[in-house]
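Okay, structure first, notes after.
Numbering (my numbering), first residue to last: 59 to 541.
Dropping the structure here:
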């Protein structure tokens, strides 16, 4: 990478040095030409002062040299600006030079040769002007303007030289030819003239239509922006300008159709909102969304207005379908909960509050879902009450069959279960009773195992009688028998 950068910098430096030398050479050449202009013009100026020759005929050749000295500055750098200057200079100069070349056609041989050379130079400049100033219509028109300036200079030379009849006809022929070419460049050189005319007519028509639609309150901002862009860029690029106008027309048509659709949607929404207000006078969300849509429509945003109208319709339809059902479900849930007490009933009352809050927030479907869940849960609570009561009865029966067991802890837990059942905590009551029954069953199973082991006392004694800790085992066995 550093090596590449070094090579590029060296190439740029070398190109800069070469360009600098060319600029210096052009400056030196221009100075030499200026000096030659004064040297060449001085004898003719002396002759014109004495009345031997006219001033224009005397300064013809020096003026050519002076013009060339000015053009020399642009020759080393053929940039776009330099080409424009060279094209303008050649377009303006070729016609006056051709006219000045005819001044010496009736004089001596050397003067005639000089005039012919000047005419050849004029023809060369004409060819250069045609090759440099070509391309889009704007360049052709620029060439026509420069050609018109050359015609004005030529006319001034014709009037100032006051030629005789044969020479006058030749001068007028040259002048008329230059005028015709300049006129063709200005008007007939544009190959897209008809298309440009059609573009201008379409642009004017669309601008008038947009003003008309805006006066009616239609939202055509996007189309207006496209038309403005087309007016700025279309004359330089007709294809792009026509495309922008087509897009503007399509946008206008879409906007008008969309506005009609929005009006239809708005009428349907108004009907739905009115129906929702009759069912639920306190419901304001549908009407609020429709009001916002009307505001957006007035501000020229039909798409946003349509979204708000559809939102208002959804809200209104929810109120129409679910509001009465939600109120009925909430009333039913309140009536059922008034007959129930306990912790589970308290949790269901919190669900009822959520349903009422949802209805107050104008979400009737959600409120209905909350409220309809309460009766099912109350049914489950009834089943839980029955199961808990049955579990308490089983625990009491199990305690009644515990002969010889320590039941103090179980009785305490049974009291806790009975209290939980009264408080409505059915899950706790059932859990305590199920625990009592399981523990009693385990105790009974352990007692049965001990009794079966005691029936085989001789085998047990034979197994530990020969051990060193036989006395300890005997003591343990006696303790079990005593228990």
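Ideal Cβ positions, reconstructed from N, Cα and C, are used throughout, including at glycine.
Quick caveat, the model's predicted, so the values are computed rather than measured.
- In this structure residue 360 is in contact with residue 320, their Cβ atoms being roughly 5 Å apart against a cut-off of 8 Å.
- Check the Cα spacing between residue 146 and each of 162, 155 and 202: the tightest is with 202.
- Using a 10 angstroms sphere on the CB of residue 74, the tally of other CB atoms stays under 16, which defines it as exposed.
- Between the alpha carbons of residue 431 and residue 425 lies a gap of roughly 10 Å.
- Each of 381, 325 and 312 was checked against the Cα of residue 337, and the nearest Cα belongs to 381.
- Closest option to residue 390, judged by alpha-carbon separation, among 407, 496 and 334: 407.
- Taken through DSSP and simplified to helix, strand or coil, residue 295 comes out as coil.
- Taking C-alpha positions only, residue 355 is separated from residue 306 by approximately 20 Å.
- Taking C-beta atoms as the reference points, residue 150 and residue 211 count as a pair closer than 8 Å.
- Rounded to whole angstroms, residue 286 and residue 226 show a C-alpha spacing of 52 Å.
- Counting only runs of 4+ residues, the alpha helix (DSSP H) found wholly inside the stretch 242–274 occupies 251–273, in chain order.
- Setting aside the 5 residues that flank it on each side, residue 363 is surrounded in the same chain by 320, 351, 354 and 355, each with a C-beta closer than 7 Å to its C-beta; the list follows chain order.
- If you draw a 10 Å sphere on the C-beta of residue 378, you find 16 or more other C-beta atoms in it, and that means buried.
- If you draw a straight line from the Cα of residue 186 to the Cα of residue 148, it comes to about 7 Å.
- Taking a contact as a CB-CB distance under 8 Å, the pair residue 310 and residue 278 counts as one, their CB atoms being some 6 Å apart.
- Straight-line measurement puts the Cα of residue 419 at about 52 Å from the Cα of residue 263.
- In this structure, residue 158 sits away from residue 228, with a CB-CB distance that is not shorter than 8 Å.
- In chain order, 420 place their CB closer than 8 Å to the CB of residue 342, counting only its own chain and leaving out the 5 sequence neighbours on each side.
- A residue is called buried when at least 16 other Cβ atoms come within 10 angstroms of its Cβ; residue 234 does not meet this threshold and is exposed.
- Between residue 292 and residue 302, the beta carbon gap of about 7 Å places them in contact (Cβ cut-off 8 Å).
- Uninterrupted alpha helix (DSSP H) stretches at least 4 residues long and entirely within the stretch 337–421 occur at 343–356, 360–395 and 401–418, given in chain order.
- Judged by beta-carbon spacing, residue 160 lies beyond the 8 Å limit of residue 172, meaning their Cβ atoms are not closer than that value.
- Note on geometry: alpha-carbon atoms of residue 206 and residue 242 lie some 11 Å from one another.
- A straight line joining the alpha-carbon of residue 318 with that of residue 259 spans about 28 Å.
- Short of 8 Å from the beta carbon of residue 367, and not among the five residues preceding or following it, lie these beta carbons of its own chain, in chain order: 320, 323, 324, 327, 347, 348 and 351.
- Less than 8 Å divides the Cβ of residue 244 from the Cβ of residue 199.
- The DSSP-derived three-state label of residue 289 is helix.
- Residue burial is scored here from C-beta neighbours: residue 344 has at least 16 other C-beta atoms within 10 angstroms and is therefore classed as buried.
- In the three-state reduction of the DSSP assignment, residue 237 falls in the helix class, which pools H, G and I.
- If you ignore the 5 residues before and after residue 433, its C-beta comes within less than 8 Å of the C-beta of 390, 391 and 394, all in its own chain and listed in chain order.
- In this structure, 281 is the residue among 253, 165 and 281 with its C-alpha nearest to the C-alpha of residue 266.
- Excluding five sequence positions before and after residue 208, the CB atoms of its chain that fall closer than 8 Å to its own CB belong to 149, 150, 151, 152, 153, 154, 236 and 240, given in chain order.
- With 16 or more other Cβ atoms inside 10 Å of its own Cβ, residue 299 counts as buried.
- A distance below 8 Å between beta-carbons, with the five flanking residues on each side excluded, links residue 269 to no residue of its chain.
- The three-state reading of DSSP puts residue 165 in coil, since its state is none of H, G, I, E or B.
- If you compare the alpha carbons of 429, 384 and 374 with that of residue 422, the shortest gap goes to 384.
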